[in-house]
Amino acid sequence: MKKTLVPSLTPQRYAETFAVFVEHSLEYPLMLDKLSSCTNEKLKQGFNILDIGAGTGHMLKEWMSRIDFKPSHYTAFEPNESHFKDLAASVTQLNIENTLYNSSFTADTALPEKYDIVLFSHSLYWMPDPALTMQHASKLITENGIVLAFIGGPYGVHAMFPLFEPYIERTSPMLQNNAISSHEVIIGLRQYGIEPEITLLPSPIDITGLFEVDARPQLAEFISFCMQIEFNSLPSWLQTDIIQYVHGGCVEQGDKLYWYLPTAAIIINARNSQ
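Each residue of the sequence shown is one higher than the one before, starting from 1356 at the first, in our numbering.
See below:
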């Protein structure tokens, strides 16, 4: 079968489709609970943050509102121009001493200081070798510091790629590799001699109403983000198959329709990064 040529999302389209995904995701309270409990249990007043792929700063603001003490300094990397502007505004509102980089963090990035917590909030998808990047980050933490990464578990979105990717040929590279899941990262860390702590959060996506005819444009944006392609550029038969895949994985609860996509929390402590 001839493959369909289709563009991956541009940085601007990534930001637009990401906004639709966030609108339906119910994972953030669970992620914030995990992040806040790690902070309160493992850190102390004046802790130092390195936030890699910080996004708009939405997570940061919610995080700061939930914890018992405040950081002394916040360092962040965010390469997306649109998100970086929002991040800068968020940090200004919080009045935290900060260093912000409108660039990507890599396994070769050198920084002059150590951090009490390094956070990857769904940003490992952007790394050529996510496990190597986490290993590098573990070298940047203090004696009692942690690296905490949130990433999709090996379900749902991750599983779409071996099913549907064989029928397309991308005309531009994928910015965010949603084919990567916690499974590949954990296996990679073990190959680097690191045994991480792993928790799977039962995080749902609220799909209620998205399969209605008048919601088709929003459904297209949602799936565009999942597959990191322009969904409307696909042939109709492939669109139908993908929609059936998503719909078939949903569960009705009362008047709601949920697609459960467990999010993994992967933690590296200084002691298990050696």
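Think of the CB as a built atom: it goes at the ideal place given N, C-alpha and C, for glycine as much as any other residue.
Note that the coordinates shown come from a computational prediction; the quantities given were computed from them, not determined experimentally.
To the nearest whole angstrom, what separates the beta carbons of residue i and residue j, a pair I think is in contact under 8 Å?
i	j	result
Ala1570	Asn1587	Not confirmed; about 14 Å, so no contact.
Thr1488	Ala1462	5 Å
Asn1533	His1513	7 Å
Phe1432	Ile1472	Between Ile1472 and Phe1432 the Cβ distance is about 14 Å, and since that is not below 8 Å, they are no contact.
Ile1506	Ala1619	5 Å
Leu1556	Leu1385	4 Å
Phe1475	Ala1504	4 Å
Tell me the rounded alpha-carbon separation between residue i and residue j.
i	j	result
Phe1377	Cys1581	Just to set this straight, residue 1377 is Val in the shown sequence, not Phe. When rounded, the distance between both Cα atoms is 11 Å.
Lys1397	Gly1564	41 Å
Phe1566	His1413	28 Å
Tyr1547	Ala1370	33 Å
Asn1457	His1438	9 Å
Gly1603	Ala1486	32 Å
Ala1465	Phe1402	20 Å
Trp1418	Lys1357	48 Å
Pro1517	Asn1453	41 Å
Tyr1470	Asn1395	16 Å
Asp1388	Lys1440	26 Å
Ile1542	Pro1509	12 Å
Gln1448	Ala1409	15 Å
Ile1621	Tyr1383	16 Å
Pro1434	His1491	19 Å
Cys1393	Val1568	43 Å
Ser1591	Leu1530	24 Å
Gln1599	Leu1593	10 Å
Glu1436	Ile1451	21 Å
Ile1584	Arg1368	9 Å
Pro1467	Val1375	37 Å
Thr1595	Leu1544	37 Å
Ser1380	Tyr1480	18 Å
Ile1549	Val1540	11 Å
By alpha-carbon positions, which one of the options ends up nearest to residue i?
i	options	result
Pro1528	Tyr1510, Thr1365, Glu1433	Thr1365
Ile1560	Gln1608, Ala1492, Ala1620	Gln1608
Ile1623	Pro1483, Gly1511, Gln1546, Glu1552	Glu1552
Gln1573	Thr1359, Phe1373, Ser1420, Pro1590	Phe1373
Leu1495	Lys1357, Ser1363, Leu1360, Ala1625	Ala1625
Leu1360	Ile1541, Ala1620, Glu1524, Tyr1615	Glu1524
Lys1399	Pro1617, Val1375, Phe1424	Phe1424
Ile1535	Ser1493, Leu1381, Asp1484	Asp1484
Gly1511	Leu1381, Leu1544, His1379, Val1601	Val1601
Here's a check: name, in chain order, each residue in its chain whose Cβ is nearer than 8 Å to the Cβ of residue i, leaving out the five neighbours to either side.
i	result
Ile1597	Met1515, Phe1519, Ile1578, Met1582, Phe1586, Leu1589
Val1446	Gly1412, Leu1415, Tyr1429, Ala1431, Asn1453, Leu1455
Glu1498	Ala1625
Tyr1631	Outside the shown range of the chain, which is 1356 to 1629, sits residue 1631, and nothing can be said about it.
Among residues of its own chain, excluding the 5 on either side of residue i, which ones have a beta-carbon nearer than 6 Å to its beta-carbon?
i	result
Ile1404	Pro1426, Tyr1429, Ile1472
Tyr1615	Pro1559
Ser1391	Arg1421, Ile1422
Met1482	Thr1488
Lys1611	Thr1563
His1538	Pro1509
Thr1526	Leu1360, Pro1362
Residues in its own chain within less than 7 Å of residue i by CB, not counting five upstream and five downstream?
i	result
Ala1443	Leu1455
Ser1478	Ile1407, Gly1408
Tyr1613	Pro1559, Ile1560, Asp1561, Ile1562, Cys1605, Val1606
Pro1617	Gly1508, Tyr1510, Leu1555, Leu1556, Pro1557, Ser1558
Relative to the ligand NAP, is the shortest distance from any of its heavy atoms to the C-beta of residue i smaller than 7 Å?
i	result
Glu1550	Ligands displayed in this structure: none; no statement on the ligand NAP is therefore possible.
Output yes if chain D places a C-beta closer than 8 Å to the C-beta of residue i; else output no.
i	result
Glu1520	Going by chain labels, chain D is absent from the structure shown, which holds only one protein chain.
Checklist line | Secondary structure, beta strand (DSSP E): runs of 3+ residues fully inside the region 1515-1562 | finding: Every unbroken stretch of the beta strand (DSSP E) spanning 3 or more residues and falling wholly within the region 1515-1562 is given here in chain order: 1523-1525, 1552-1556, 1559-1561.
Notebook entry, point to check: Unbroken alpha helix (DSSP H) runs of length 4 or more, entirely within the region 1436-1468: which are they?
Noted result: 1436-1449, all fully within the region 1436-1468.
Next item on the list: Pick out the complete beta strand (DSSP E) segments inside the region 1487-1516, 3 residues or longer, and give them in chain order.
Entry: Counting only runs of 3 or more, we get 1496-1507.
Item checked: 3-residue-minimum beta strand (DSSP E) runs that sit fully inside the region 1395-1436, ordered along the chain -> Taking 3 residues as the shortest admissible run, the region 1395-1436 contains the following complete beta strand (DSSP E) segments, listed from N- to C-terminal end: 1403-1407, 1428-1432.
Check: Along the chain, which unbroken stretches of the alpha helix (DSSP H) at least 4 residues long are found entirely within the region 1361-1399?
Finding: Listed in chain order, the alpha helix (DSSP H) runs fully inside the region 1361-1399 are 1366-1379, 1383-1397, counting runs of at least 4 residues.
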